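Novice:
Protein chains in written order, with the numbering used here: chain B, 1 to 688; chain R, 1 to 329; chain E, 1 to 250.
#1: Mind checking if residue 228 of chain E is an interface residue toward chain R, Cβ cutoff 8 Å exclusive?
#2: Return helix, strand or coil for residue 174 of chain R, following the three-state DSSP convention.
#3: Using beta-carbon positions only, say whether residue 36 of chain B and residue 419 of chain B come within less than 8 Å of one another.
#4: So which residues of chain E does residue 406 of chain B contact, with C-beta pairs closer than 9 Å?
#5: Measure the alpha-carbon distance for residue 323 of chain R versus residue 26 of chain R and round it to whole angstroms.
#6: Residue 397 of chain B versus chain E: which residues are under 8 Å apart at the beta carbon?
#7: Three or more beta-carbon pairs under 8 Å between the stretch 15-26 of chain R and the stretch 663-682 of chain B, yes or no?
#8: Out of curiosity, what's the CA-to-CA distance linking residue 401 of chain B and residue 395 of chain B?
#9: Is residue 497 of chain B close to chain R? Criterion is C-beta to C-beta, closer than 8 Å.
#10: Please go through the same chain and pick out, in chain order, the residues whose beta-carbon is closer than 6 Å to the beta-carbon of residue 556 of chain B, but skip the five residues on each side of it.
#11: Can you tell me whether residue 346 of chain R is helix, strand or coil according to DSSP?
#12: Could you check what DSSP says for residue 243 of chain R in three-state terms: helix, strand or coil?
#13: Are there 16 or more other CB atoms within 10 angstroms of the CB of residue 199 of chain R, so buried, or fewer, so exposed?
#14: Can you tell me whether residue 172 of chain E is buried or exposed, with buried defined as 16 or more other CB within 10 angstroms of its CB?
#15: I need the straight-line Cα distance from residue 71 of chain R to residue 44 of chain R, nearest angstrom please.
#16: Looking at residue 138 of chain E and residue 74 of chain E, is the spacing between their C-beta atoms short of 8 Å?
#17: Closer than 8 Å by beta-carbon distance: list the chain E residues that pair up with residue 147 of chain R, in chain order.
#18: Within a Cβ cutoff of 8 Å, which residues of the same chain sit near residue 155 of chain B, ignoring the five residues on either side of it in sequence?
#19: Where are the beta strand (DSSP E) runs, 3 residues long or more, that stay fully inside the stretch 458-532 of chain B, in chain order?
#20: Who are the near neighbours of residue 263 of chain R in its chain, counting only those whose CB is closer than 6 Å to its CB and skipping five residues on each side?
#21: Less than 8 Å between C-beta atoms, sequence neighbours within five positions excluded: which residues of the same chain meet that for residue 47 of chain E?
#22: Within the same chain, show all residues whose beta-carbon is closer than 7 Å to that of residue 300 of chain B, passing over the 5 residues directly before and after it, in chain order.
#23: Run through chain B and tell me which residues come within less than 8 Å of residue 245 of chain R, C-beta to C-beta.
#24: Run the CB neighbour count on residue 183 of chain E, radius 10 Å, all protein chains shown included, and call it buried at 16 or more, exposed below.
#25: Does the CB of residue 14 of chain E have a neighbour CB from chain B at under 8 Å?
#26: According to DSSP, residue 140 of chain E sits in a beta bridge with which residue or residues?
#27: Within 8 Å of any Cβ in chain R, is that where the Cβ of residue 659 of chain B sits?
#28: Please list, in chain order, all residues of the same chain as residue 197 of chain R whose beta carbon is under 8 Å from its beta carbon, the five residues on each side excluded.
#29: Could you tell me the alpha carbon to alpha carbon distance between residue 383 of chain B and residue 288 of chain B, rounded to whole angstroms?
#30: Leaving out five residues before and five after residue 203 of chain E in sequence, what residues of the same chain have Cβ atoms less than 8 Å from its Cβ?
#31: In the stretch 26-54 of chain E, which residues sit with their C-beta less than 8 Å from some C-beta in chain B, listed in chain order?
#32: On the DSSP bridge assignment, give the partners of residue 605 of chain B in chain order.
#33: Suppose you measure from the CA of residue 179 of chain R to the CA of residue 78 of chain R; what does that come to, to the nearest Å?
#34: CA-CA distance, residue 74 of chain R and residue 104 of chain R?
#35: Look up residue 197 of chain R in the DSSP assignment and say whether it is helix, strand or coil.
#36: For the pair the stretch 271-283 of chain R and the stretch 297-310 of chain R, tell me if three or more CB-CB distances fall below 8 Å.
Below, the structure written as structure tokens:
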């Protein structure tokens with residue numbers, strides 16, 4: 001065994017060993033988090049890895065940066081095969097895949113190595129240009145680490161150069177060793193040959209440099225935000241943000257548990273998965289760039305939430321786990337919002353915690369729960385889950401929240417609606433419409449096919465009542481056998497849940513399930529996306545299983561079956577801009593039904609899309625309980641959104657949610673415009 | 001024949017309207033039970049006895065006068081102790097008093113001292129044999145309760161303005177009485193009287209609220225509402241969330257679910273469409289007036305009286321009319 | 001300080017009331033009951049005083065049937081340390097009878113301060129607090145909108161018609177609390193869980209003789225439906241006339 005092989009083996013084992021030690025340390029930190037079973041449905045998870053991970057579908061939502069990143073990523077995958085070959089050569093000099101691969105296959109492999117080496121070099125050059133010259137806004141966060149990115153990009157560039165140079169030098173020494181398919185290497189060899197007097201020595205040096213760079217890269221990762229290189233595919237596999245399971249469902253809570261806290265105030269109150277999210281964040285800022293709160297100048301940045309989670313873990317975990325390898329992880333500890341300067345161990349274990357020290361109350365309450373951040377994340381991080389857990393702690397453990405939501409909590413508890421209206425007025429909208437309640441239907445021995453869940457906005461808000469009446473008229477015109485709960489309906493608790501009050505939520509939800517089950521309800525239609533999401537997606541965890549259909553889908557089906565007796569004169573031509581509701585769209589992937597409904601109801605409709613639409617749609621500002629909170633900082637979200645909608649020049653704005661109706665309606669008034677805001681059901685009902 | 005003792009509340013040396021109303025109520029009760037005497041009780045600084053004549057005009061047969069220099073400011077303990085002492089020596093069917101800030105405290109104190117049952121905030125009193133039948137709006141006026149009081153002596157406080165003061169002229173005899181306790185020995189001492197109460201009327205207390213919405217078009221137009229509030233004299237100015245969010249008015253002026261929840265006697269909504277958030281904060285007002293250009297605006301659904309039209313034109317007209325009405329009053 | 005807070009359980013004020021078949025009570029079916037608003041202000045004031053002044057005890061006391069236990073737990077979930085139920089089948093409308101039961105309990109309790117709501121939403125009489133203080137022979141401030149305690153003495157503000165008074169008194173004393181003084185805290189789940197384990201003592205209420213009874217209850221006449229009385233400034237004289245003659249608010 002030659003000396004170089006011994007040295008190589010020594011360095012390789014040392015490098016791999018040190019990396020393994022770091023991995024084991026990071027896993028130990030991560031296990032401070034609570035349990036969360038992510039083992040089920042491996043095929044769905046694998047599918048996510050293939051689409052979101054390997055095919056980079058989320059990355060491509062930004063086409064330019066997406067192409068750049070995908071090139072580097074795919075290059076990384078392809079060239080890893082070459083790196084393995086090179087490492088084997090370290091032990092068995094002269095090893096080559098050509099020894100056992102059929103020649104055409106080897107040629108494809110060899111060509112791909114060179115092709116990607118060149119592509120990656122180009123991508124790295126562009127990435128450097130972008131960071132150093134273009135300065136895109138989303139990469140320019142507060143205190144973001146730039147040196148880290150430059151180091152990583154240089155290493156990647158170095159790997160490509162050494163790969164090409166190594167092969168080029170081999171080609172100079174023995175032209176038969178490198179085939180023509182290695183076009184870049186042979187071209188480089190031709191260019192270098194006149195300049196190099198000792199191509200073999202240069203080749204060997206380049207080979208060693210490549211090996212050392214690979215090991216350095218590997219061991220630099222655990223000290224860098226580029227840890228995502230190692231964790232993101234794992235994170236995508238273990239994430240639930242694109243399934244398995246329904247998207248956007250909040251984690252169930254055991255309120256009877258004998259614990260000293262509810263929700264999360266520090267990293268060990270979160271789950272290991274939330275902590276893995278911290279490792280996986282590469283601070284790309286796509287989440288923050290899509291956040292309606294951040295866009296309009298509020299203190300919330302979803303990226304900061306995730307970075308803070310990692311920072312706090314890195315601050316606290318070494319002390320808790322008694323880690324002797326506690327080293328400086330500059331890039332992991334610093335970054336956006338890393339204001340908690342390292343202090344004494346007592347402070348770190350004492351007054352420091354994730355909530356307050358890192359993440360302020362104001363950030364948490366600014367969230368509209370619109371899910372835009374989760375939708376954008378290329379590595380399937382769930383920023384919203386961390387926000388929700390911290391909100392739960394604020395409300396359930398410390399009773400801290402904006403004072404203006406207390407009336408909403410109290411009214412939910414006393415009146416069964418977030419607004420202080422008398423429960424006995426709930427069905428007033430139906431006066432004179434001859435709509436039976438479930439109780440009346442049962443008394444007559446009837447079993448309605450469908451329950452129309454009206455919701456609190458639809459019951460009490462004067463504008464939303466018109467939506468309720470419009471939808472009820474459609475149901476009647478189509479001869480649907482339906483009933484309402486009347487005074488027996490009360491809020492299912494979703495607003496309380498979104499505002500962190502799980503206790504109030506479960507109380508209201510369980511009571512609602514009792515009522516629905518008493519009337520043997522199987523199918524529910526509702527005009528409110530929040531009710532739709534809650535009843536359909538979150539009730540099952542509490543034992544309430546119903547088929548819940550949003551009115552946009554229900555009306556679309558009726559139109560498709562030609563059951564809606566529409567007037568045929570379509571003299572009215574109308575251009576309409578449709579505003580996507582978050583809880584319909586990003587939470588439930590209902591994008592087409594409301595659009596189809598509009599098109600079918602108005603055959604001459606021209607549907608215009610605002611700047612942000614479908615799964616990129618901007619929230620109206622009412623979600624996450626924001627409807628009941630003040631909006632004192634920055635621009636009003638509904639104004640921002642309404643401006644986008646008005647900019648389409650449409651004659652009318654269509655919505656499919658009573659909350660969006662209020663917010664966009666207010667926005668239109670603020671803009672002193674007289675463009676009508678209509679619910680899709682109103683547009684259909686106007687042609688009955 | 002029942003005699004009735006009534007606390008004729010004064011401020012300084014002047015009678016209060018609520019005190020005169022109580023005397024009228026006492027007169028009516030005494031007449032209804034066979035025309036017994038009404039003994040009016042006044043307590044205050046020297047000179048307060050001067051109200052005897054006007055009390056006689058309202059039907060007092062006897063005016064019991066308690067004058068003491070230590071009673072320049074209201075001294076509830078002295079009033080309660082002396083009133084109770086007087087009630088013990090006469091043979092009275094009832095002790096009446098206004099349900100005023102002072103009466104709210106004096107009534108239960110007198111009742112406890114006499115061990116007599118008390119009914120507060122009555123709008124009507126009738127005698128039926130051994131019992132008094134008293135009407136009292138309860139549950140924030142959502143329920144009218146008729147109560148029966150069975151006792152030889154009962155204390156009843158009367159809701160101000162429920163019974164109109166009426167003339168029943170006679171020349172009242174006067175009697176003087178010394179305070180039952182030394183005013184300087186009161187357990188609760190008044191250290192300071194701040195005239196004008198809370199300075200600017202608080203939204204939670206003002207009997208009239210004039211509120212504006214985006215329909216006012218600009219921050220400076222709130223001056224019109226300030227003028228209207230000034231014309232009412234007892235009004236505060238409020239605003240909707242949209243207006244406070246836009247910084248036209250301070251956040252403390254916001255009425256609605258996320259602001260103040262109010263229920264004044266009169267609520268004037270100017271240029272307010274009536275979003276759910278706003279209605280949740282003012283729906284329980286006793287009388288609601290809405291002024292809005294859009295006749296479909298939801299505010300008209302809750303309003304008792306509505307005027308459709310331009311707020312900037314109607315509000316000044318209303319200010320002038322209110323000022324006029326107040327001047328004639 | 002050792003503070004007692006006397007609280008009442010009342011139906012939600014937003015409710016639409018119906019009269020029970022007996023016609024002497026409201027129909028309680030479907031109504032949500034909770035701690036009375038004014039009583040909750042009193043609880044908040046007590047908690048804040050004890051938080052500010054260091055170690056103390058806040059005791060919630062209520063007269064009523066077993067349903068008031070839920071209300072007492074609510075006060076404890078806000079932070080009261082323990083609770084006492086003075087048990088009776090029903091709370092009489094005779095405030096003095098109730099005051100006697102409370103005075104009997106409180107006199108032996110050694111409290112520095114006894115707090116009440118200014119009145120309760122249901123009877124809206126404002127008798128119990130002031131009468132209890134009188135029976136106990138301690139100073140009473142009725143309808144306070146501010147309250148400070150320092151060195152065994154209290155300072156309070158009470159609103160009178162068109163003015164306000166600042167008053168002083170020595171402890172022990174009773175104060176009935178008006179609105180605007182403090183916003184009652186919202187109990188955390190942690191507080192709700194803790195309240196389940198706090199002591200709640202039940203003893204019979206020693207009510208005084210009941211001499212005030214409900215003869216009947218009725219609903220006031222329905223508010224007439226709103227109407228649009230006209231357009232533009234021309235409608236103003238008619239509005240003013242209606243405000244004077246019909247609504248009687250001018």
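Virtual Cβ for every residue (Gly too), placed ideally from N, Cα, C. Computed from a predicted structure; not experimentally measured.
Specialist: From the atom records:
#1: The residue given as residue 228 of chain E occupies position 228 in the third chain. Output row for residue 228 of chain E: interface = yes.
#2: Along the second chain, one-based indexing puts residue 174 of chain R at 174. Taken through DSSP and simplified to helix, strand or coil, residue 174 of chain R comes out as strand.
#3: Stepping through the first chain from its first residue, residue 36 of chain B is reached at position 36. Stepping through the first chain from its first residue, residue 419 of chain B is reached at position 419. No, the pair does not count as a contact, with Cβ atoms beyond the cut-off.
#4: Counting from one through the first chain, the residue named residue 406 of chain B turns up at place 406. 183, 184, 185 and 186, listed in chain order.
#5: Mapped onto the second chain, residue 323 of chain R falls at position 323. Mapped onto the second chain, residue 26 of chain R falls at position 26. Approximately 35 Å, taken between the alpha carbons.
#6: Sequence index remark: in the first chain, residue 397 of chain B carries index 397 (1-based). What residue 397 of chain B touches in chain E: 188, 189 and 190.
#7: Segments in contact, no.
#8: Residue numbering aside, residue 401 of chain B sits at position 401 when the first chain is read from its first letter. Residue numbering aside, residue 395 of chain B sits at position 395 when the first chain is read from its first letter. C-alpha separation (whole angstroms): 6 Å.
#9: Taking the first residue of the first chain as position 1, residue 497 of chain B is located at position 497. At least 8 Å separates the CB of residue 497 of chain B from every CB of chain R.
#10: The residue you call residue 556 of chain B lines up with position 556 of the first chain. Cβ neighbours of residue 556 of chain B beyond the five flanking positions: 593, 596 and 597.
#11: As shown, chain R starts at 1 and ends at 329. That puts residue 346 of chain R outside it, with no answer to give.
#12: Along the second chain, read from residue 1 onward, the residue named residue 243 of chain R stands at position 243. Residue 243 of chain R: helix per DSSP, three-state reduction.
#13: To locate residue 199 of chain R, count along the second chain from 1; it is residue 199. With a pLDDT of 47 at residue 199 of chain R, under the threshold of 50, the predicted position of this residue should be treated as unreliable, and no value is reported.
#14: By one-based count along the third chain, residue 172 of chain E stands at place 172. Per the 10 Å Cβ criterion, buried.
#15: Position 71 of the second chain holds residue 71 of chain R. Position 44 of the second chain holds residue 44 of chain R. Rounded to the nearest angstrom, the two C-alpha atoms are 5 Å apart.
#16: Within the third chain, numbered from 1, the residue matching residue 74 of chain E stands at position 74. Within the third chain, numbered from 1, the residue matching residue 138 of chain E stands at position 138. It is not a contact, given that the beta carbons lie outside the stated cut-off.
#17: Stepping through the second chain from its first residue, residue 147 of chain R is reached at position 147. The answer, in chain order, is 93, 212, 213, 214 and 215.
#18: Within the first chain, the letter at position 155 stands for residue 155 of chain B. 213, 216, 217 and 220.
#19: Complete beta strand (DSSP E) runs here, min 3: 523-526.
#20: Locating residue 263 of chain R in the second chain gives position 263, where the first residue counts as 1. Taken in chain order, the residues that qualify are 284 and 285.
#21: Looking up residue 47 of chain E in the third chain gives position 47. If we look at residue 47 of chain E and ignore the five residues flanking it on each side, its Cβ neighbours are 58, 78, 79, 80 and 185.
#22: By one-based count along the first chain, residue 300 of chain B stands at place 300. Result list for residue 300 of chain B: 291, 293, 294, 363, 366 and 367, in chain order.
#23: What you label residue 245 of chain R is simply residue 245 of the second chain in a count that begins at 1. Residues of chain B passing the Cβ test: 630, 631, 632 and 636.
#24: Counting from one through the third chain, the residue named residue 183 of chain E turns up at place 183. Result: exposed.
#25: Working through the third chain from its first residue, we reach residue 14 of chain E at position 14. True, the Cβ-Cβ gap to chain B drops below 8 Å.
#26: Your numbering for residue 140 of chain E matches position 140 in the third chain. E/174.
#27: In the first chain, residue 659 of chain B corresponds to position 659, counting from 1. It does not; no Cβ of chain R falls within 8 Å.
#28: What you label residue 197 of chain R is simply residue 197 of the second chain in a count that begins at 1. At residue 197 of chain R the pLDDT is 43, less than 50, meaning the model places this residue with poor confidence and gives no usable figure here.
#29: Working through the first chain from its first residue, we reach residue 383 of chain B at position 383. Working through the first chain from its first residue, we reach residue 288 of chain B at position 288. In a straight line, the C-alpha of residue 383 of chain B is about 10 Å away from that of residue 288 of chain B.
#30: Counted from its first residue, the third chain places residue 203 of chain E at position 203. These residues qualify, in order along the chain: 84, 85, 86, 87 and 105.
#31: 30, 32 and 34
#32: Taking the first residue of the first chain as 1, we reach residue 605 of chain B at position 605. Among the bridge pairs identified by DSSP, residue 605 of chain B is matched with B/574.
#33: Within the second chain, the letter at position 179 stands for residue 179 of chain R. Within the second chain, the letter at position 78 stands for residue 78 of chain R. Between residue 179 of chain R and residue 78 of chain R, the C-alpha separation is close to 6 Å.
#34: For this step, residue 74 of chain R is matched to residue 74 along the second chain. For this step, residue 104 of chain R is matched to residue 104 along the second chain. Distance between the alpha carbons of residue 74 of chain R and residue 104 of chain R is about 13 Å.
#35: Locating residue 197 of chain R in the second chain gives position 197, counting from the first residue. At residue 197 of chain R, the pLDDT of 43 sits below 50, so the modelled position is not reliable; the number obtained from the coordinates is stated separately. Looking at residue 197 of chain R - three-state DSSP - the assignment turns out to be coil, as it is neither helix nor strand.
#36: yes
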